[in-house]
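Residue numbers (my numbering): 41 to 710.
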């Protein structure tokens, strides 16, 4: 079929998607509805509504009718139709243009005096074969070639006379696994920004704060990833003479003022730090979450050797705008290297001077890596702040720490923990590799049937949509491989009785390709719940389902869900996953497929799991009724986007030719 999406567009060109529909509607008119609200993204500034239609074959039909904007009932429920909460997709951010650029390069004409170098068989090239239309009007980017291990290509920016703070912005693309790495380095000595996992054939925006580049070299480094089909590319590099822009509802802690967050010291103190800074109290986490390097900043509270128990430190955010009509989602990443289960990190909100109840709590200490947390913020009538409270248990004999990074308040409700259709990322699921005792040569990759990678995968998602995203196992090597997919943290108190439903696709020789689901408790015990092998026949999508009852296994301990895939040596094997759903088990949750056999015994492992690097406007007031349109006479001021280059045209009237549109409208049936 295709896809219809609705986004809000600000005057700076940035977009935020608020509604999307991809399901086939069997050639019938359906009602759509979405709440268009001024919130953290719009912030009471002028905006436009942007509607995009996309079809995946010549027989697809997309049509719209009867637009109505209703302000009278805005205080009543305006739920999304069709049902289902929107996950929060990334905001498309244009290259900042607020001040003159110190230096920029689009690679349209040349390399802009960059110094290019390489080791091994690999070099930077001005590439025309990669589509840059989603972020740039030009058609050329900077990409690397290479075929052999140890191939490294570098591109160093020319010397720039600038002191103080500068902002480096660029677009990048990483696809194919193993993809290698793309790094931004200072003086060829240390990385200030790094990515080393595939993110799909989608351009991503990045910005990095620099300081006193007058005396420094800034270099882009591309490292070959042992996969000839992988892509590492950059485009539209800009250096501006100011620090990087900060969203009021977002904090990466690269701002020395730590986003106006306040700290209350008790047994310890929240402090802005980074991995490269020395600490006499606790070992730092190896990298921040924003830049994924030792250069980036985050907030940390030390949990030190002490017989005292109580509050270590309290951190309070800036004041956020409330949403009286709907739930918001407060997101952040955290690390708990606590060395004990007696510590705790809690989150609650403060509104009108009153502290609310705890909305989120975590006490697990066994995973020393960044984890995503999503906290539902209820509809309230007053502005509010979010409070992070770090508590330390008694009898501590070892030093530990709590870290927080990349805080963001979304105007959309939080998705249920674990739920994901992979249309806008992995929803907190991330790749994780075994330790030194087990060799890992693969990743789970987001893609679809039309993805260009030369890797075996299904032709479509489980709904038979060739453009619908799913996860698939990298099989670009003939050698054996395995990969683990790791969930966010679940707490037994809140998620003790769940029905986990998913779709899987296996193709390969019998018992050479396998897939399994297991739980891991906060003391490292692993409990396998579900296991399936390929049947040696042609692959197809099959529903899987398993009952999660960790409280009966781990005695109310926090836990994570792991999905593992493995294959033996060979070609043509396929492993894929789609549409994860976690629901409160209210009775029946049979294991699917029904003939599946599972070894329900705790499995001991000698290899500790470790992280793998894992996404023109008018200002005059317009009455809301002026947006309504039944399209009987004209388009009522709705304009075609002349920059769209998809070859499609929105037109008035019923279709007179076969398979090109509805024959009748929705208003009168004519």
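By construction, the Cβ of each residue, glycine as well, lies at the ideal position given by its N, Cα and C atoms.
Same chain only: Cβ atoms within 7 Å of residue i, ignoring 5 sequence neighbours per side
i	result
residue 586	540, 557, 569, 570, 631
Local conformation of residue i per DSSP, three classes
i	result
residue 669	strand
residue 255	helix
residue 441	strand
residue 4	Because the chain is modelled from 41 through 710, residue 4 falls outside the range shown and cannot be assessed.
residue 487	strand
residue 400	strand
residue 304	strand
residue 587	strand
residue 261	strand
residue 420	coil
residue 103	coil
residue 576	coil
residue 678	coil
residue 326	coil
residue 462	coil
residue 61	strand
residue 286	coil
residue 151	coil
residue 94	strand
residue 209	strand
residue 69	coil
residue 175	coil
residue 314	coil
residue 110	coil
residue 570	strand
residue 663	Residue placement at residue 663 is poorly supported in this model, since its pLDDT is 37, which falls under 50; the coordinates still yield a value, given next. Correct three-state label for residue 663: coil.
residue 56	strand
residue 521	strand
residue 607	strand
Spatial neighbours of residue i in its chain, beta-carbon cut-off 6 Å, leaving aside the 5 residues before and after
i	result
residue 75	118
residue 243	174, 175, 211, 213
residue 294	249, 337
residue 637	Here residue 637 scores only 45 on pLDDT, less than 50, and its place in the model should not be relied on; the value that follows carries that caveat. Within the same chain, residue 637 has no close Cβ partners at all.
residue 414	369, 371, 454
residue 164	156, 182, 184, 193, 195
residue 606	522, 554
residue 144	278
residue 71	121
residue 300	358
residue 258	197
residue 408	377
residue 219	238, 265, 270
residue 159	192
Supposed close pair residue i, residue j - CB separation, criterion 8 Å
i	j	result
residue 215	residue 180	Not quite, the Cβ-Cβ distance comes to about 18 Å (not below 8 Å), so this is no contact.
residue 445	residue 543	Contact doesn't hold; Cβ gap of about 33 Å is too wide.
residue 521	residue 561	About 27 Å; that fails the 8 Å criterion.
residue 246	residue 170	Actually they are not in contact, since the Cβ atoms of residue 246 and residue 170 sit about 17 Å apart, beyond 8 Å.
residue 309	residue 353	5 Å
residue 441	residue 333	With 8 Å as the limit, residue 441 and residue 333 do not qualify as a contact, their Cβ atoms being about 18 Å apart.
residue 485	residue 511	7 Å
residue 508	residue 546	So it is not a contact: roughly 19 Å between Cβ atoms.
residue 398	residue 388	5 Å
residue 355	residue 303	5 Å
One or two residues paired with residue i in a DSSP bridge
i	result
residue 467	Its beta-bridge partners do not exist; DSSP assigns none.
residue 291	447
residue 158	193
residue 181	167
residue 145	277
residue 271	215
residue 388	427
residue 350	432
residue 43	94
residue 540	586, 622
residue 335	Looking at the DSSP assignment, residue 335 forms no beta bridge with any residue, so it has no partner.
residue 601	559
residue 376	442
residue 355	303, 428
Same chain only: Cβ atoms within 8 Å of residue i, ignoring 5 sequence neighbours per side
i	result
residue 348	307, 432, 434
residue 146	176, 178, 180, 275, 276
residue 252	202, 203, 204
Interface flag, residue i vs chain C, CB-CB below 8 Å
i	result
residue 295	In the displayed structure, chain C is absent; only one protein chain is listed.
Check: At which residue ranges does the region 217-254 contain complete alpha helix (DSSP H) runs of 4 or more residues, listed in the order of the chain?
Finding: none
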